[in-house]
Amino acid sequence: MKIGELAKRAGMAASAIRFYEAKGLLKIASRQANGYRDYPPEAVILLTIIGDAQQAGFSLEEIKRLLPADVSSWRHDELIAILKRKVADIEALEARLAHSKAQIQSLVQLIESKPEGMDCKLNAARVMAGLGLAVDK
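Residue numbers (this note's numbering): 24 to 160.
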């Protein structure tokens, strides 16, 4: 199939397909006599895997290492190890994000707990002091 049809079936732009080819992720196109690329049906599956992997947080370089030249040659143990490492990376990111979220929520609560009648400048000084930051008066 030509790149336009592949793009339609895979739900992505032809330029994205060419980009993946240039990066070495998609190596299954052959060339017709007129120079047009000719893609086999499994290219749709491969592009779906690439897109899903990107959505899951894999870099293009990681995806390139994951993808075998041929699906039948996929190294099962290596694939599982890479996927487990990615899960660990995501869990570490979740922990950092949860910590950041808690800090921001505490800051919002500190700012919102402004005593009645306190002006913004004094409240800012109070907040800064609550954060352990020196405030020039």
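From the three backbone atoms N, C-alpha and C, an ideal C-beta is built for every residue, glycine too. Just so we're clear, the structure is a prediction, and the values are computed from it rather than from any experiment.
Could you tell me how far apart the beta carbons of residue i and residue j are, in whole angstroms, since I believe they sit closer than 8 Å?
{"i": "G74", "j": "M35", "result": "7 Å"}
{"i": "A66", "j": "L49", "result": "7 Å"}
{"i": "R60", "j": "K25", "result": "7 Å"}
{"i": "L102", "j": "L89", "result": "7 Å"}
{"i": "G58", "j": "K87", "result": "Between K87 and G58 the Cβ distance is about 25 Å, and since that is not below 8 Å, they are no contact."}
{"i": "I40", "j": "A30", "result": "6 Å"}
Based on DSSP bridge pairs, tell me the residues matched to residue i.
{"i": "D75", "result": "According to DSSP, D75 bridges with nothing at all."}
{"i": "R54", "result": "R60"}
Rounded to whole angstroms, what is the Cα-Cα separation between residue i and residue j?
{"i": "L161", "j": "K109", "result": "The requested residue 161 is not part of the displayed model; the chain covers only 24 to 160."}
{"i": "I72", "j": "I134", "result": "46 Å"}
{"i": "M141", "j": "A115", "result": "40 Å"}
{"i": "G153", "j": "Q126", "result": "13 Å"}
{"i": "F28", "j": "I51", "result": "According to the sequence as given, residue 28 is Glu; it is not Phe. So the two alpha carbons sit approximately 15 Å from each other."}
{"i": "A148", "j": "L120", "result": "27 Å"}
{"i": "S82", "j": "Y62", "result": "24 Å"}
{"i": "L156", "j": "D100", "result": "51 Å"}
{"i": "R98", "j": "E117", "result": "29 Å"}
{"i": "D112", "j": "L130", "result": "27 Å"}
{"i": "P91", "j": "K124", "result": "39 Å"}
{"i": "Q77", "j": "I105", "result": "14 Å"}
{"i": "P138", "j": "E84", "result": "53 Å"}
{"i": "R32", "j": "V150", "result": "55 Å"}
Where does the unbroken alpha helix (DSSP H) through residue i begin, and where does it stop?
{"i": "K137", "result": "Looking at the DSSP string, K137 is not in any alpha helix (DSSP H), and its letter there is neither H nor E."}
{"i": "G34", "result": "From DSSP, G34 is part of no alpha helix (DSSP H); its letter is neither H nor E."}
{"i": "G153", "result": "C143 to G153"}
Nearest chain D C-beta to residue i closer than 8 Å, yes or no?
{"i": "L102", "result": "The question asks about chain D, but that chain is absent: this structure has only one protein chain."}
Which ranges does the beta strand (DSSP E) cover as unbroken runs of at least 3 residues, wholly within the stretch 84-110, from first to last along the chain?
none
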